[in-house]
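> Could you have a look at this structure, given as structure tokens, before my questions?
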Amino acid sequence: MAVLKADEVIFSVLSFEGPDPYARAGGLAVRVTQLAEALAQRGFIVHLFFIGDPEAPGQEECLNGRLILHRWCQWISRHHPVGVYDGEEGKRWDFTATVPPYLLEQVIRPALEAGRLPVVLAEEWHTAEAVIHLNELLRARGWRERCVILWNANNTMSFHRIDWQKLSAAAQLLTVSRYMKHQMWKLGVNPLVIPNGIPSALLEPVPRERISALHQALGVDERTVMLFKVGRFDPAKRWLLAVEAAARLKAMGYRVVFPLRGGIEPHGREVFERAGALGLRTVHLAKQPASWEELLEALRAQPPAELYALEFPLPQDWLRPFYAAADAVLAISGHEPFGLAGLEAMAAGGIVFTGATGEEYALDGQAAVVLDTDQPEEIVLRLLDLRAEPARAEALRRAARQRAADFTWPRVLEIFLEKIGVVARAQGALPWPQPVFRRPNGRVQDVVVYTVVHQPRRLRLPAQPLPRGSSAALLAQGLFDEELNERYFRRAAQRCYHPAVARFQALLDAGFRLAIGFSLTFLEQAERWDEELLDRFRELVRHPHVELVVVEPRHSMLPLWDLPAFIQRMGWAADYLEKVFGVRPRVADTTEMLMSPSIYHALDRAGFAAAFLDGRPWVLEWRQPTYLYHHNGGKMKLLARHYRLSDDVGYRFSNRSWEGWPLRADRYAEWLAQHPGDFVVLGWDFETFGEHHREGTGIFAFLEALPQEVMRRGLSFRTPTEILERYGARSFELPLPAFPSTWAGSGGLDFFLGNDAQRAVFRLMIEAYHMACLTGDPEIRELALYLAQSDNLHMLQWFGRSGPEAEVSAYFTPSEWWSLGPERIVWEVQQVFKNFIAALEPRRA
């Protein structure tokens, strides 16, 4: 299904609640505001009609004019200043009478005249009659079949007031979960299911210092069980079950700390009375703190208690530390249409206990704990099981964040837009697609594009003296030329990173998919020298069509001499990437795509689902790189990079003496389409686009044209995980050679260890690493791993050689070094290592 484009559609969202404080009463305001903003951020024009603040402008443009707020019923709201539902019936009558004709003339008519598809999304029972009225007006004009009208139910409130026969005839009904779908079946209607969403920003890790400060303020220690719950005081939220579980824990000898945020509903009194009867003490915090620090002070000042009733609004940046700090977040409703609070808690890394109704994001035992009964024993026993297995609890927190990532608004919009496309085509508002016939058997169906972003930490030449016993910081100043590194980084950012990210971002909404890895060295440089660039990469990675790949953090040769440390560091790199991007990678790459039997088993042991290797003939023998493999019965899959097709772009694209020059996107797509197998993996340095091949070579034009040309030939782009899901059941055994393979040169280690200078530096790398390990100083060990980066071997490949590979190596060698001359460069590089090793020699009395 083709994804709807921003220049094809105009959206109108109808809702009582909206973004103004006056219009916020519950989760509906959050939903419509975030949905409207997400559509606008994707480039769509969105008109949001809601009961707005009577003192605010009647119409207001936001997000560069893509989001237009229409504050309705303001003349009524001036007489009802309490909020959106003050004077509810009069507002509903006015909304029903006046929004549809305005929408017809001011939004729908211009959209149709411009050749765009008007899509109207109305929310909740208050808008049902307005939708019926709009349908009648459109039919009277003969425009109904040219518009899509959707009506969404977030809960069952006031269902008895809706004329379901008229509403289902006027609009395509939607709801937020299969549970709600089943509830609506009882009414004789069959809605489409589109889940709720959360902002991608909620995936940012909660700062550890906030969690620690909250624990300290509440006096949490090893004897303490911390619970947390937020929601209306509604019996369906099972508050009584929550306090009964807290009482059971206290009776077992645990100290219970249970902060909670309810509402103003009468059921709250029953909850606190029940807590008191069970021996639980409650303190009530009614005053709104001015800051997070003031909230912590208020908690510290309270007398000893089990329940802390927070009787003031908690913004998200306050809620999230509670979610992350608790041993269990009790989102345990007995009737839950969707359960947004549980999903938000999972995004924060909370261990969430849910009911078993509409919380479809909750996978029991994998990303959450799903309760099957209404007995407190089930909560207590499952919580204590997790306390007894801290590693499993931590894994559950990580899995919760990964699962929550599937429900961010960018991913939900993929479902939303696809289903709108189905509705529009089914009713004739959009043309039906042209027939697509299956590709001939035996030809590739899918394309994986993988790119890795890396900048080395270049050495300071000539080598500097390093005093024995120097600190890591002082050693780093003598080892690395940070002015040189900043200069090369900023040049690459201007030529490559900024323009290439913009191109990739634009392609993603059109069906393109991308896998991307980052060395941690690059991320550190970006954080230091270009925060805007790092933010743009974060935005890129958050797109649902992008998969993050973990690579060896320093681009070092460590896998060749210390596999236990390599396993540990790959896990550390995955943690680091999760902290930066909010997503934990499942697929791995090494340094220069290093692969061997031992490296394979190390990555398999580290728990990665798949890894890349270069598909050289001497590695694959008679096999093709266009199939999925595994080694020696291992669980981890292997994705083989098609080295020839990859290098046609990565190395040869701008080579005018190459027989394939000039390479056009249509010709390249045809090469891809003609290959036998299941899928093609294309692996490139990110710097291919704009740095290795400058803009004047046509590389960006090639990139922009490629997706359309590939899809025109019936191929689809996939992420590595999608490939695993599609072909994982039939991967093939691959005996890996004992000699490690790489993606450089002829595919072995010759490119890095092919001359005497490289072999000498390699031996010095190992010696430097071992000496650093003996110091016991992790910062000095980290310096040794910077020194072990493959770039320090790559930059010497030219020594004593000639030809294309030597030219590539010479290109990567800093131009500032060449004034030393070839022999002196080699000598100085080796001297850097020797000085470092000497500086680590222990002092003897």
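Note that the working numbering gives residue 417 to position 306 of the sequence shown, counting from 1, and the numbers run on in steps of one.
Positions of the beta carbon are idealized from the N, C-alpha and C atoms, including for glycine.
Model, not experiment: these values are computed from the prediction.
With a 10 Å radius around its C-beta and 16 neighbouring C-beta atoms as the bar for buried, classify R549 as buried or exposed.
Below a pLDDT of 50, predicted positions are generally treated as unreliable, and R549, at 48, falls in that range; the measurement from the model is reported next regardless. When all chains shown are included, R549 counts as exposed.
> Could you please give the first and the last residue of the uninterrupted beta strand (DSSP E) stretch that includes R372?
From DSSP, the beta strand (DSSP E) with R372 extends over R366 to R372.
> Could you tell me if S123 is buried or exposed, where buried requires 16 or more neighbouring beta carbons within 10 angstroms of its beta carbon?
Under this definition S123 is a buried residue.
> Quick one: Cα of R203 to Cα of E235, how far?
Spanning the two alpha carbons is a distance of roughly 12 Å.
> How long is the line joining the alpha carbons of E798 and Q327, rounded to whole angstroms?
Straight-line Cα distance between these residues: approximately 47 Å.
> Taking L313 and E455 to be in contact with their CB atoms under 8 Å, please state how far apart those CB atoms are, rounded to whole angstroms.
Confirmed, Cβ separation roughly 6 Å.
> Secondary structure at A280, three-state DSSP: helix, strand or coil?
Residue state, collapsed to three classes: helix.
> Which ranges would you report for the alpha helix (DSSP H) in the region 212-257 if only whole runs of at least 4 residues count?
Complete alpha helix (DSSP H) runs here, min 4: 220-224 and 239-252.
> Tell me whether the beta-carbon of A281 lies closer than 7 Å to the beta-carbon of V242.
In contact: A281 and V242 (Cβ atoms closer than 7 Å).
> Compute the Euclidean distance between the alpha carbons of R116 and L228, then round it to the nearest angstrom.
This sequence places Lys at residue 116; Arg is not what is there. The straight-line gap from Cα to Cα measures roughly 10 Å.
> Using 8 Å as the threshold, is the region 385-392 in touch with the region 342-361, meaning 3 or more CB pairs across them?
Short answer: they touch.
> At which residues does the alpha helix (DSSP H) containing H712 begin and terminate?
Segment P708 to R716, the alpha helix (DSSP H) holding H712.
> How would you write the range of the alpha helix (DSSP H) that D861 sits in, first residue to last?
First-last of the alpha helix (DSSP H) with D861: D861 to L864.
> By the DSSP assignment, the alpha helix (DSSP H) with H326 in it spans what residues?
Segment R319 to L329, the alpha helix (DSSP H) holding H326.
> In this structure, how does DSSP classify I273 when only helix, strand and coil are distinguished?
Looking at I273 - three-state DSSP - the assignment turns out to be coil, as it is neither helix nor strand.
> How would you call Y738, buried or exposed, if buried means at least 16 neighbouring beta carbons within 10 angstroms?
It is buried - the Cβ of Y738 has at least 16 other Cβ atoms within 10 Å.
> Across which residues does DSSP place F591 in a beta bridge pair?
Answer is L570, bridged to F591.
> Assign G154 to one of three DSSP states: helix, strand, or coil.
Correct three-state label for G154: coil.
> Could you tell me the alpha carbon to alpha carbon distance between P306 and D673, rounded to whole angstroms?
For P306 and D673, the distance between alpha carbons rounds to 46 Å.
> May I ask you to report which of helix, strand or coil DSSP gives C184?
Coil, per DSSP.
> Taking Cβ to Cβ, would you say Y419 is nearer than 7 Å to V394?
A contact, by the Cβ cut-off of 7 Å.
> Quick check on DSSP: helix, strand or coil for G176?
Coil, per DSSP.
> DSSP three-state call for P346: helix, strand or coil?
P346 falls in the helix class under three-state DSSP.
> In angstroms with no decimal places, state the Cα-to-Cα distance between P773 and V943.
So the two alpha carbons sit approximately 43 Å from each other.
> Considering only their Cβ atoms, is the gap separating R727 from S311 smaller than 7 Å?
No, the pair does not count as a contact, with Cβ atoms beyond the cut-off.
> Would you report the Cα separation of L618 and R624, rounded to the nearest angstrom?
Their backbone Cα atoms lie some 8 Å apart in a straight line.
> To the nearest angstrom, how far is the alpha carbon of R614 from that of F811?
Approximately 8 Å, taken between the alpha carbons.
> Is the distance from the Cβ of A883 to the Cβ of I877 below 7 Å?
Result no, Cβ atoms of A883 and I877 do not sit closer than 7 Å.
> Which full runs of the beta strand (DSSP E) of 3+ residues lie inside the region 484-569, going along the chain?
Fully enclosed beta strand (DSSP E) runs of 3 or longer: 557-564.
> Report the partner residues of E658 according to the DSSP bridge assignment.
BP columns for E658 point to A626.
> With DSSP run on the structure shown, which of helix, strand or coil describes Q942?
In this structure, Q942 counts as helix in the three-state DSSP scheme.
> To the nearest whole angstrom, what separates the beta carbons of D164 and C184, a pair I think is in contact under 8 Å?
Contact flag wrong, Cβ pair sits at about 11 Å.
> Suppose contacts are defined by Cβ-Cβ distances below 7 Å. Is L705 in contact with F723 by that definition?
No, they are not a contact pair.
> Among all the DSSP beta bridges, which residues are the ones paired with M337?
Per DSSP, V368.
> Who does H395 pair with in a DSSP beta bridge?
Beta-bridge pairing links H395 to A420.
> Tell me, which residues are paired with L619 by DSSP?
BP columns for L619 are empty, so no partner.
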